[in-house]
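Asker:
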Amino acid sequence: MPDIWGTTRVVGVIGHPVRHSFSPPMQNAAIAALGLDLVYVPFEIAPDDLPDAVRGFRAAGLLGFNATIPHKQALLRLVDHATDEARLTGTVNTVHFTEQGIVGDSTDGPGFVAGLTARGGTVAGARAVLLGAGGSARAVGVSLVRGGVAELVIANRTIDRARALAELLNGQRAGVATAVELDRSAAHLAAAELIVNTTSVGMHPNLDAQPVELPALRPGAWLVDIVYNPLETRLLRQARERGAEALNGVDMLVHQGALSLRRWTGCEPPIEVMREVLVRELQRRAGG
Ligand code: ATR
2 MPDIWGTTRV VGVIGHPVRH SFSPPMQNAA IAALGLDLVY VPFEIAPDDL
52 PDAVRGFRAA GLLGFNATIP HKQALLRLVD HATDEARLTG TVNTVHFTEQ
102 GIVGDSTDGP GFVAGLTARG GTVAGARAVL LGAGGSARAV GVSLVRGGVA
152 ELVIANRTID RARALAELLN GQRAGVATAV ELDRSAAHLA AAELIVNTTS
202 VGMHPNLDAQ PVELPALRPG AWLVDIVYNP LETRLLRQAR ERGAEALNGV
252 DMLVHQGALS LRRWTGCEPP IEVMREVLVR ELQRRAGG
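Here it is, written out as structure tokens:
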């Protein structure tokens, strides 16, 4: 139990449902390690109650909060200022109450890039392939383009969704993105320096599924699967067998949370503490 005083400030996470969130244990461990007079609390908020909840949180003096499904899009309309990432992805996962108004940010994509670069991966100048074209692909794609990828091939089962995302990203930097059908992506995968799986294929409980069979990969190529349950998907295992650097979704999850905590507190979050608690919690839940 954290010590709670008359001075203790509050942050939290909203969702519907919220009980599966890994953020409370991860963030409270970080808060304890930093010795902050702060507590991170889950709030189950129904979609219709979102505007009231935001007003109430501000009135109650919360520093800010994280948001998960289904609130990320609706929040964009409820903030006074949206960061570039929030505007470009059309989502808010971090709200910060400031004297200048309510700031909405999206730390998912920046968390992805921070996690990858902290592990020694490179975004700037990379030839990259994004598997998937949904909400997660949009967040990662926006940050890859901001991070300076040389080119980004979006490979998706439904080509129209890949085309729509490519168009959005080409609005950020003309000509950077192209679209291809997932089952015609082999040559792009073989040439890529960075491959990111944002599809849900291979996630628990479909452990034997993978979005594509990998061809021979370039020496030194990176494959990041943003799935974190299981910790090693079939796709990651195959990438490692092909000699690639393979990274699961834990780093993205840790770093998106760290960026939120830094925004609220100005403190440098203890990444290793957060990772340790998150992995322990993932393993505990996998064990039932
Ligand atoms: P999220 O917000 O988590 O990204 P999403 O918007 O539902 O979720 O996107 C899911 C992604 O996984 C999509 O790219 C989807 O492909 P389609 O656009 O063709 O639906 C991809 N996906 C899901 N199941 C898939 C499968 N069995 N094979 C290939 N791709 C799949």
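Each residue of the sequence shown is one higher than the one before, counting from 2 in my numbering.
By construction, the Cβ of each residue, glycine as well, lies at the ideal position given by its N, Cα and C atoms.
1) Measuring alpha carbon to alpha carbon, tell me which of A87, S107, D4 ends up nearest V40.
2) So the candidates are D209, A245, L208; which of them puts its Cα closest to the Cα of L225?
3) Going along the chain, which residues of its own chain have a beta-carbon closer than 6 angstroms to the beta-carbon of H256, five neighbours each way excluded?
4) CB of T200 to nearest heavy atom of the ligand ATR: below 6 angstroms?
5) At what residue ranges does the segment 156-235 contain a whole run of the beta strand (DSSP E), taking only runs of 3 or more?
6) Hey, could you find the ends of the alpha helix (DSSP H) V146 is sitting in?
7) To the nearest whole angstrom, what separates the beta carbons of G16 and I103, a pair I think is in contact under 8 angstroms?
8) Determine the direct distance from the alpha carbon of P25 to that of P43, and round the result to whole angstroms.
9) How many Å lie between D161 and W265 at the Cα?
10) Does the separation of the CB atoms of N94 and A68 fall below 7 angstroms?
11) Can you determine whether any heavy atom of the ligand ATR sits closer than 6 angstroms to the C-beta of T159, and answer yes or no?
12) Using the Cβ count rule (16 or more neighbours within 10 Å means buried), how would you classify H21?
13) Figure out for me which residue from V19, G13, L35 has the closest Cα to the Cα of P270.
14) At a cut-off of 6 angstroms, would you count R174 as near the ligand ATR, judging by its Cβ distance to the nearest heavy atom?
Answerer: Reading it off the structure:
1) D4
2) For the sequence presented, residue 225 should be read as Val rather than Leu. Here the closest residue by C-alpha is A245.
3) G112, A115, G116
4) yes
5) 178-182, 195-198, 223-226
6) 136-147
7) Contact doesn't hold; Cβ gap of about 19 angstroms is too wide.
8) 7 angstroms
9) 38 angstroms
10) yes
11) yes
12) exposed
13) L35
14) no
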